[in-house]
Structure formats: C-alpha cells, structure tokens
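>
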Amino acid sequence: MAHVRLERIGKTFIDVKPAIEAVCDLSLWLNDGERLAIVGPSGCGKTTLLRLIAGLERLDCGSVRFEGRDLAGVPPEKRSVAMVFANDALFANRTVFDNIAYPLRLRGRRAIEQRVVSEASTVRVADLLGRYPRQLSSGQRQRVALARALATDPAVLLMDEPFSRLDAPLRVELRIECARVLAERAVTTIFVTHDQSEALALAQRVALMRDGSLEQIGTLRELYERPANEFVARFIGSPAMVIVPAQALGFPEYGSRVRIGLRSDAVRLVSDGEFCGTVRAVEDLGADGYAYVDGAFGSLTAHLRPGEDVPGIGERVTLAIDRGRTYAFAADGTNAGV
Ligand code: ADP
Ligand code: MG
C-alpha cells in the first residue's frame, strides 16, 4: 500500500477575482521512505499542493491518505507532517537547542535532551546548541530547521524550496548532506525545488506540474528521455530543448510528426554541415559550451565539446543534426516517438 496517496485533489481560491484553480484533479502516490521532487514553473501550484498535504489548506475535492487513513478533517498538528521552508522560520528568541526541542516539549527532560543532541549531530550543528538564530549562517539555520523537522519523526516531511535562499556552493553542500540524512532515516519526503540537480540528488522520482495539474511523474531520466509532451521536453534538461517544425528541417521521414525536438547534444558545428546559420550567442563554460545559431530552420542550440573551437558572435557556421538523437511531437504536442 502506498504510504501517501493523493486521490483527485483540487483547490480553487475563490477569494480572488477571477478565482484561481491552484490544484486541479491531481493524483499521485509515494511508497514508504520514498522521496519525490515537485518541479514546475512559478505559480503552478507547488506550494498549494504541499499546504493541502499538510492540512494548512482545505481540499475542495479528493482525498489525502497516509497509510490508507483519510486525513479529511484532521488538523495539521495531528497529521504527523513536518515542513521546512525556504525561510528557516526559526524562533529568533530561542537558542538552537530550544528551537530543535520545541516540537518535543511534551516529553521528559532527558528524552528531549538526548533527542536534540542526536538530531543536532545528524545535521552537524551539535556545537551550536547554545547560539541564537541571528548568530548562525544561513546554511546553519537551514540545518537547524531540518533537525527540528526530523526531531518529531514525521510520517511525511514536506520541504518547500528549502535551499533556494542559499548561495550555490552552500546549496550543493546542503543538498548532499540532506540526501544522506533522508536516505539513512528513510523519511517519506515531498519537496519542491526549481533546481533539477537538486531533484536528482534528493529524490527518486520527479513530478512536473503545470497550471495545477501533473504533466508527468517518473525518474528524472524518464522525463528527460521520454517526455510525455513538448512542455515536459522543454522544461527538463539544460539548455532547454529546441522544438522546430519538421518542415523547417526538411526531414521527409518524420511524416505526420510535425515538430522535431533537438537537445544540444544532437546538434554539432561542423565544417560542411547540412544547415547554415549565424551565431547569435555563445556560452563558453570551460568544460562545455553552447552556440545558439539562427537560420532558415529557426534557432538551434549546438553543444561545443571541450577543446572544440568556439565560434564568434555573428559568424556564419554550418550544422549537422544527429537524427538518432531527435525527438518528435504530434500536432497536439504529445511525444510521437522517433
Ligand atoms: P508555486 O508554489 O508553484 O509557485 P502556488 O501554489 O504558490 O504556486 O500558487 C498557485 C496559484 O495559486 C498562483 O496563481 C497563486 O497566485 C495562487 N494562490 C496561492 N495562494 C493563494 C491564496 N491564499 N489566495 C489566492 N490565490 C492564491
Ligand atoms: Mg511556491
């Protein structure tokens, strides 16, 4: 039985005009101990989805079940969920110890002390227990927030862009630590992120939302290699997939598959390529690089391998397309296979 099951849930905010359908007819499930990342454009309903699971918003329809138990009418504090936000939400006037101890306050003093020390060492803040939040770095504060969330042994941990306010090196460090802790403890986790590397590091599966609905759910590799439609194809992977009309490339074998999707690894700059264009922009990242090329086909993105010559902006170049690496989409935008 799935540990968490969302069955056709929906939420419309009616106190704004026009009303906003933030989550509509959404179903998904997680196994015990599984970690799922929710990704999607800003405003697509990710935070609302977490708040519905936590019981902070009321469902209009559908059900949220943990271990088969329907949580309708169960208040947030009785759901055994813990939440971690982008903003650590620590109590400013309490020490690290007291912040972590807060959800445990009904237990005995010794039990609290043991638990706080153990959680603090798990996230490596055991030497900071006497400090106040203002005396911590932003990374340390997020660690304390995670310790506080774990201290309650939640049935489900919900995280809303937990590392988005940290700078890049700290974000990477913290997501590695967090992945270790969550895997060790096998905490069932749903977390929102806009960073696909973070999703890859922390979650086994990824759910992509758009306008309140799920577009696709699966491993990041599945979404990357077999996107259900053009929206998924463009959203997953960097740089974004370019999708052009099949006619623009003049590939007759594509038949009714009307659009062709090309990731940068399918497009190469070569000296006598089939397609001519002009370099609009270049990103030279050292190990890898990309050239954005405009031509009769529209715009394509070519991958530059390490050591390859980097073209100048405005330069005329020719491109080769690796037809074995293309994607094809039908008129309605669904993946039509290659
Ligand atoms: P995300 O987290 O994916 O950026 P949200 O879940 O925060 O998206 O918001 C989804 C949609 O619902 C947005 O259009 C947002 O403006 C709207 N929304 C969120 N919360 C409320 C609210 N309390 N009242 C009215 N509209 C809301
Ligand atoms: Mg949000």
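For any residue, its number in the numbering used here is found by taking its place in the sequence shown, counting from 1, and adding 609.
Virtual Cβ for every residue (Gly too), placed ideally from N, Cα, C.
1) Under the rule that 16 or more other beta-carbon atoms within 10 Å means buried, what is Ala937, buried or exposed?
2) Count the CB pairs spanning the region 686–696 and the region 658–675 that are closer than 8 Å, and state whether there are at least three.
3) Leu894: which of Ala816, Cys885, His912 sits nearest, CA to CA?
4) In the DSSP assignment, what residue or residues form a beta bridge with Pro854?
5) Could you check the C-alpha separation between Glu839 and Lys620 for me, to the nearest Å?
6) Round the Cβ separation of Ile922 and Val891 to the nearest angstrom and send it over; I've been treating them as touching at under 8 Å.
7) Relative to the C-alpha of Val851, which candidate in Glu834, Ile869, Glu862 has its C-alpha closest?
8) Can you find a heavy atom of ligand 1 that lies under 7 Å from the Cβ of Cys653?
9) Between the Cα of Glu770 and the Cα atoms of Leu615, Gly649, Arg925, which residue gives the shortest distance?
10) Determine the extent of the beta strand (DSSP E) in which Val726 is found, giving its start and end residues.
11) Taking the beta carbon of Gln749 as the centre, do at least 16 other beta carbons fall within 10 Å, making it buried, or is it exposed?
12) Consult DSSP for Leu699 and reduce its assignment to one of helix, strand or coil.
13) Where does the unbroken beta strand (DSSP E) through Leu759 begin, and where does it stop?
14) For the alpha helix (DSSP H) holding Phe840, just list the boundary residues, first then last.
15) Hey, is Gly649 close to ligand 1, as in C-beta under 7 Å from one of its heavy atoms?
16) For Glu782 and Asn696, what's the separation of their Cα atoms in angstroms?
17) Which residues bound the alpha helix (DSSP H) around Glu793?
18) Using 10 angstroms around the beta-carbon of Thr943, count the other beta-carbons present and answer buried if the total reaches 16, otherwise exposed.
19) Can you give the Cα-Cα distance for Gly946 and Leu645, rounded to whole angstroms?
20) To the nearest angstrom, how far is it from the Cα of Glu630 to the Cα of Phe622?
21) Just mark Pro742 as buried or exposed, buried being the case when its beta carbon has 16 or more other beta carbons within 10 Å.
22) What does a CB cutoff of less than 8 Å around Met610 pick up in its chain, not counting 5 residues either side in sequence?
23) Beta strand (DSSP E) containing Ile709: first to last residue?
24) Closer than 7 Å to a non-hydrogen atom of ligand 2 - does that hold for the CB of Val867?
25) Can you tell me whether Asn702 is buried or exposed? The criterion is at least 16 other CB atoms within 10 Å of its CB, across all chains shown.
26) With a Cβ-Cβ cutoff of 8 Å, do Val725 and Val790 count as a contact?
27) Give me the residue from Val815, Val796, Leu637 with the minimum Cα distance to His803.
28) So does the region 903–918 actually touch the region 822–840, counting three or more Cβ pairs closer than 8 Å?
29) On the CB-based measure, 16 or more other CB atoms within 10 Å of its CB, does Gln751 come out buried or exposed?
Checking against the coordinates, here is how it stands:
1) Around the beta-carbon of Ala937, 16 or more other beta-carbon atoms lie within 10 Å, marking it buried.
2) With the cut-off at 8 Å, the region 686–696 and the region 658–675 touch.
3) Out of Ala816, Cys885, His912, His912 has the C-alpha closest to the C-alpha of Leu894.
4) Under DSSP, Pro854 takes part in a beta bridge, and its partners are Arg868.
5) Rounded to whole angstroms, the gap between the alpha carbons of Glu839 and Lys620 is 26 Å.
6) Rounded, the Cβ-Cβ distance is 6 Å, consistent with contact.
7) Distances from the alpha-carbon of Val851 to those of Glu834, Ile869, Glu862 put Ile869 closest.
8) Yes, Cβ of Cys653 sits closer than 7 Å to a heavy atom of ligand 1.
9) If we check each option's Cα against that of Glu770, Gly649 comes out closest.
10) Looking at the DSSP string, Val726 is not in any beta strand (DSSP E); the run it does join, the alpha helix (DSSP H), is 718–731.
11) Buried, by the Cβ-count rule.
12) Coil, per DSSP.
13) Going by DSSP, Leu759 is part of no beta strand (DSSP E) but of the alpha helix (DSSP H) stretching over 747–759.
14) Element bounds for Phe840: 839–844.
15) Checking the Cβ of Gly649 against ligand 1 gives yes.
16) Our two residues, Glu782 and Asn696, have alpha carbons roughly 18 Å apart in a direct line.
17) Taken as a continuous stretch (DSSP letters only), the alpha helix (DSSP H) holding Glu793 covers 777–794.
18) Thr943 should be labelled exposed.
19) Between Gly946 and Leu645, the C-alpha separation is close to 27 Å.
20) Roughly 6 Å between the two C-alpha positions.
21) A residue is called buried once 16 or more other Cβ atoms fall within 10 Å of its Cβ, and Pro742 is buried on that count.
22) Its pLDDT being 49, under 50, Met610 is placed unreliably in this model, and the value from its coordinates should be taken loosely. Residues of the same chain with a CB within less than 8 Å of the CB of Met610, apart from the 5 flanking positions on each side, are Glu676, Gly677 in chain order.
23) Run containing Ile709: none in the beta strand (DSSP E); it sits in the alpha helix (DSSP H), 705–710.
24) Result no, Cβ not under 7 Å from ligand 2.
25) Classification for Asn702: exposed.
26) Not a contact, by the Cβ cut-off of 8 Å.
27) Residue nearest to His803 within the set Val815, Val796, Leu637 is Val815 (criterion: CA-CA distance).
28) With the cut-off at 8 Å, the region 903–918 and the region 822–840 do not touch.
29) Around the beta-carbon of Gln751, 16 or more other beta-carbon atoms lie within 10 Å, marking it buried.
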